[in-house]
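Engineer: Those letters in the sequence shown? Residues 13 to 470, by the numbering used here.
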Amino acid sequence: MAAEGPAARRVQVAEHPRLLKLKDMFYSKFGSMPKFYARAPGRVNIIGEHIDYCGYSVLPMAVEQDMLIAVEPVQTHTLQLANTNPLYPDFSTSANNIDIDKTKPLWHNYFLCGFKGIQEHFGLNKLTGMNCLVDGNIPPGSGLSSSSALVCCAGLVTLTVLGQKLSKVELAEICAKSERYIGTEGGGMDQSISFLAEEGTAKLIEFSPLRATDVKLPSGAVFVIANSCVEMNKAATSHFNIRVMECRLAAKLLAKYKGLQWDKVLRLEEVQASLGIGLEEMLLVTEDALHSEPYSPKEICRCLGISMEELRTQILSPNTQDVLTFKLYQRAKHVYSEAARVYQFKKICEEVPDNMVQLLGDLMNQSHTSCRDLYECSCPELDQLVDICRKFGAQGSRLTGAGWGGCTVSIVPAEKLPSFLANVQEAYYQRSSPREAPEKQNLFATKPGGGALVFLEA
Ligand code: GLA
């Protein structure tokens with residue numbers, strides 16, 4: 013199973029309205045027919061936020077919304093990209109010299125990340141060009157991972173054009189790494205679930221080595237996504253990378269405190285693994301080793317015995333070198349407690365106790381509180397939406413994805429779904445201005461969808 017690549021499926025394009033529309037638009041744009049199509053889904057993370065880049069397991073599922081690309085390989089070594097959404101302008105470049113501008117998170121750069129990642133993996137330099145038309149229906153900046161879906165879809169497209177084979181795990185790892193060309197230091201959750209998802213099941217995603225295990229969600233409950241309508245682009249601000257760096261620094265200080273070889277340590281999980289202790293004990297170590305007042309760069313240098321120059325150039329990312337304070341205690345507390353909640357969530361799903369939905373809901377609520385208070389990645393609109401969702405019947409509700417905007421995910425008993433949807437619609441989208449008219453895609457029930465695929469015309 014692990015060695016299997018993404019499936020290729022034969023389809024009658026005429027029977028699939030979205031493919032048919034894409035095929036027609038492709039013809040109007042490029043004057044030729046696409047040779048194949050690829051899709052990669054977005055995801056909703058049920059629990060385990062901001063811990064993948066610390067080495068801890070997460071529990072997402074793929075959503076039905078995806079990136080779909082129609083592709084025609086060409087002989088010219090030119091890569092031509094177009095998007096069905098007129099907000100995203102056409103782009104064209106030589107396929108041999110891919111330059112990704114980190115200063116602006118332009119849409120085509122996400123495609124280039126996947127394209128470049130696959131090319132580099134095979135060490136190719138004379139590359140085939142292609143014409144691609146991209147159609148996405150994952151709301152951007154909503155925490156449902158539209159950007160990683162585009163990176164993954166582009167990676168799959170490039171692999172298919174090259175006629176090469178890779179397993180889903182290899183593709184996920186390459187795409188996770190290559191998305192960092194954009195400048196954000198993300199973990200591997202989004203790319204892993206985009207490739208490894210299977211219809212009908214959420215997945216526990218573990219790292220080093222990467223693997224995905226089925227997690228059967230409760231049959232009596234529905235997971236509902238609600239968009240706060242606050243757009244968050246994690247590549248456009250330094251919020252995300254600051255958190256990654258705070259976790260990295262916390263890991264180094266904890267390792268130093270425990271007499272480990274701290275300079276090699278990058279992730280909080282490595283400290284736990286080296287000490288061979290449980291997550292509860294890691295929380296106690298955190299209490300002993302770190303203080304709750306923010307650390308200045310100077311204090312960090314003093315603790316680690318390094319110079320300011322070493323801190324900036326050897327530890328921090330380019331966009332976090334001027335940060336004045338780092339909260340290490342709060343971030344480490346969030347990570348170790350959230351990591352424990354993921355395992356508890358999985359255990360409850362396996363044991364199926366009578367009050368399962370309530371127990372899972374409690375964990376999701378605790379996760380939100382931790383994200384809001386310790387990790388500080390929520391925002392007033394997300395907090396308000398979570399409260400509204402709980403008020404109208406959710407057993408648990410939390411922000412999902414990077415946060416600072418985007419969506420919430422709620423666990424709702426199946427029989428309460430119709431009234432829940434109607435009431436949340438009214439309370440968040442209609443009553444409070446200045447939110448725009450409620451759109452279907454702002455509030456919807458979701459179930460675990462399948463992973464990335466290639467479609468060939470039958
Ligand atoms: C983004 C990143 C992921 C993960 C989440 C937060 O989606 O791409 O790797 O860190 O944020 O859980």
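Beta carbons are placed, not taken as given, at the ideal position from N, Cα and C, and that holds for glycine. This one's a predicted model, so the numbers in the text were calculated from it and none came from an experiment.
Tell me whether residue 278 sits in a helix, a strand or coil according to DSSP, three-state version.
Structural biologist: The count along the sequence shown starts at 1 and reaches residue 278 at position 266. Note: residue 278 maps to coil in three-state DSSP.
Engineer: Tell me whether residue 233 counts as near the ligand GLA, meaning its Cβ is closer than 7 Å to at least one heavy atom of that ligand.
Structural biologist: As a first step, residue 233 is located in the sequence shown; it is residue number 221 there, counting from the start. Because no heavy atom of the ligand GLA lies under 7 Å away, the Cβ of residue 233 does not count as near it: no.
Engineer: Throw me the rounded Cβ distance for the residue 18 and residue 466 pair, which I believe falls under 8 Å.
Structural biologist: On the sequence shown, position 6 is the one that residue 18 refers to. On the sequence shown, position 454 is the one that residue 466 refers to. Residue 18 to residue 466, Cβ: 6 Å. Contact.
Engineer: I think residue 421 touches residue 130, with their Cβ atoms under 8 Å apart; what is that distance to the nearest whole Å?
Structural biologist: By one-based count along the sequence shown, residue 421 stands at place 409. By one-based count along the sequence shown, residue 130 stands at place 118. Wrong, their Cβ atoms sit about 31 Å apart, outside the cutoff.
Engineer: Under the three-state reduction of DSSP, which class applies to residue 219: helix, strand or coil?
Structural biologist: Residue numbering aside, residue 219 sits at position 207 when the sequence shown is read from its first letter. Note: residue 219 maps to coil in three-state DSSP.
Engineer: Identify whether residue 94 lies in helix, strand or coil by the three-state DSSP scheme.
Structural biologist: Position 82 of the sequence shown, counting from 1, holds the residue named residue 94. Of the three classes helix, strand and coil, the one that applies to residue 94 here is strand, per DSSP.
Engineer: What are the uninterrupted segments assigned as alpha helix (DSSP H) that are 4 or more residues long and contained completely in the segment 149-202, given in chain order?
Structural biologist: Counting only unbroken stretches of 4 or more residues, the alpha helix (DSSP H) elements lying wholly within the segment 149-202 are 158-174 and 180-190, in sequence order.
Engineer: Please determine whether the Cβ atom of residue 201 lies at a distance below 7 Å from any heavy atom of the ligand GLA.
Structural biologist: Indexing the sequence shown from 1 puts residue 201 at position 189. Result yes, Cβ under 7 Å from the ligand GLA.
Engineer: Helix, strand or coil for residue 394? Go by DSSP, reduced to three states.
Structural biologist: For the purposes of this step, residue 394 is taken as the residue at position 382 of the sequence shown. Looking at residue 394 - three-state DSSP - the assignment turns out to be helix.
Engineer: DSSP state of residue 474, grouped into three classes?
Structural biologist: What is shown of the chain runs 13 to 470, which leaves residue 474 out entirely.
Engineer: If you draw a straight line from the C-alpha of residue 52 to the C-alpha of residue 172, how long is it?
Structural biologist: In the sequence shown, the residue the question calls residue 52 occupies position 40. In the sequence shown, the residue the question calls residue 172 occupies position 160. Looking at the two C-alpha atoms, the distance is approximately 14 Å.
Engineer: Once you ignore the five residues that flank residue 446 on each side, which residues in its own chain have a CB closer than 7 Å to its CB?
Structural biologist: To locate residue 446, count along the sequence shown from 1; it is residue 434. Residue confidence is low: residue 446 scores 49 on pLDDT, short of 50, so the model does not pin down where it sits. Its coordinate-derived value is still stated next. Excluding sequence positions up to five before and after residue 446, its CB lies less than 7 Å from no other CB in the same chain.
Engineer: In terms of residues, what are the limits of the beta strand (DSSP E) holding residue 458?
Structural biologist: Position 446 of the sequence shown, counting from 1, holds the residue named residue 458. Run containing residue 458: 455-458, per the beta strand (DSSP E) assignment.
Engineer: Counting Cβ pairs, one atom from each stretch, are 3 or more of them under 8 Å apart for the segment 91-102 and the segment 57-71?
Structural biologist: Counting Cβ pairs under 8 Å, fewer than three are found: no touch.
Engineer: Kindly indicate the opening and closing residues of the beta strand (DSSP E) around residue 52.
Structural biologist: As a working mapping, residue 52 is identified with position 40 in the sequence shown. Counting along the chain, the beta strand (DSSP E) containing residue 52 begins and ends at 48-59.
Engineer: By Cβ distance, which residues of its chain are closer than 7 Å to residue 32, with the 5 residues on each side in sequence left out?
Structural biologist: Within the sequence shown, residue 32 is the residue found at index 20, counting from 1. Answer for residue 32: 25 and 26, listed in chain order.
Engineer: Regarding residue 189 and the ligand GLA, is the C-beta to nearest heavy atom distance less than 7 Å?
Structural biologist: Here residue 189 refers to the residue found at position 177 of the sequence shown. Every heavy atom of the ligand GLA is 7 Å or more from the Cβ of residue 189, so no.
Engineer: How far does the alpha helix (DSSP H) with residue 267 in it extend, from its first residue to its last?
Structural biologist: Residue mapping note: residue 267 aligns to position 255 of the sequence shown, counting from 1. Taken as a continuous stretch (DSSP letters only), the alpha helix (DSSP H) holding residue 267 covers 251-269.
Engineer: Closest to residue 291 by C-alpha separation, out of 159, 23, 37 and 63, would be which residue?
Structural biologist: Along the sequence shown, read from residue 1 onward, the residue named residue 291 stands at position 279. Residue 63 is the option with its Cα nearest to residue 291.
Engineer: Can you give me the Cβ contacts of residue 102 inside the same chain, cut-off strictly under 6 Å, excluding the 5 residues immediately before and after it?
Structural biologist: Residue numbering aside, residue 102 sits at position 90 when the sequence shown is read from its first letter. Excluding sequence neighbours, residue 102 sits near 94.
Engineer: On the three-state DSSP scale, how would you describe residue 147?
Structural biologist: As a working note, residue 147 is residue 135 in the sequence shown. The answer is strand: DSSP assigns residue 147 an E or B state.
Engineer: Relative to the alpha-carbon of residue 175, which residue among 48, 249 and 273 has its alpha-carbon at the smallest distance?
Structural biologist: The residue given as residue 175 occupies position 163 in the sequence shown. Looking at the Cα atoms, 48 is the closest of the given residues.
Engineer: Write down the C-beta distance between residue 471 and residue 457 rounded to the nearest angstrom, noting that I regard them as a contact closer than 8 Å.
Structural biologist: Because the chain here runs from 13 to 470, residue 471 falls outside it and cannot be looked at.
Engineer: Any idea which residues DSSP pairs residue 409 with across the strands?
Structural biologist: For this step, residue 409 is matched to residue 397 along the sequence shown. For residue 409, which the question treats as bridged, DSSP gives the partners 422.
Engineer: Nearest-angstrom Cα distance between residue 149 and residue 163?
Structural biologist: Residue 149 sits at position 137 when you count from the first residue of the sequence shown. Residue 163 sits at position 151 when you count from the first residue of the sequence shown. If you take the alpha carbons of residue 149 and residue 163, they lie about 15 Å apart.
Engineer: Who are residue 85's beta bridge partners in DSSP?
Structural biologist: The residue you call residue 85 lines up with position 73 of the sequence shown. Partner(s): 142.
Engineer: Are the Cβ atoms of residue 437 and residue 455 separated by less than 8 Å?
Structural biologist: Counting from 1 along the sequence shown, the entry for residue 437 is found at position 425. Counting from 1 along the sequence shown, the entry for residue 455 is found at position 443. Yes, they are a contact pair.
Engineer: To the nearest angstrom, report how far apart residue 104 and residue 179 are at their CA atoms.
Structural biologist: Walking along the sequence shown from the start, residue 104 turns up at place 92. Walking along the sequence shown from the start, residue 179 turns up at place 167. Straight-line Cα distance between these residues: approximately 29 Å.
Engineer: What's the C-alpha gap between residue 128 and residue 190?
Structural biologist: If you number the sequence shown from 1, residue 128 lands on position 116. If you number the sequence shown from 1, residue 190 lands on position 178. The alpha-carbon separation between residue 128 and residue 190 amounts to approximately 7 Å.
Engineer: Just to confirm, are residue 66 and residue 259 a CB contact at a threshold of 8 Å?
Structural biologist: For the purposes of this step, residue 66 is taken as the residue at position 54 of the sequence shown. For the purposes of this step, residue 259 is taken as the residue at position 247 of the sequence shown. Taking 8 Å as the Cβ cut-off, residue 66 and residue 259 qualify as a contacting pair.
Engineer: Between the beta-carbon of residue 134 and the beta-carbon of residue 463, is there less than 8 Å?
Structural biologist: For this step, residue 134 is matched to residue 122 along the sequence shown. For this step, residue 463 is matched to residue 451 along the sequence shown. No; because the gap between Cβ atoms is not below 8 Å, this pair is not in contact.
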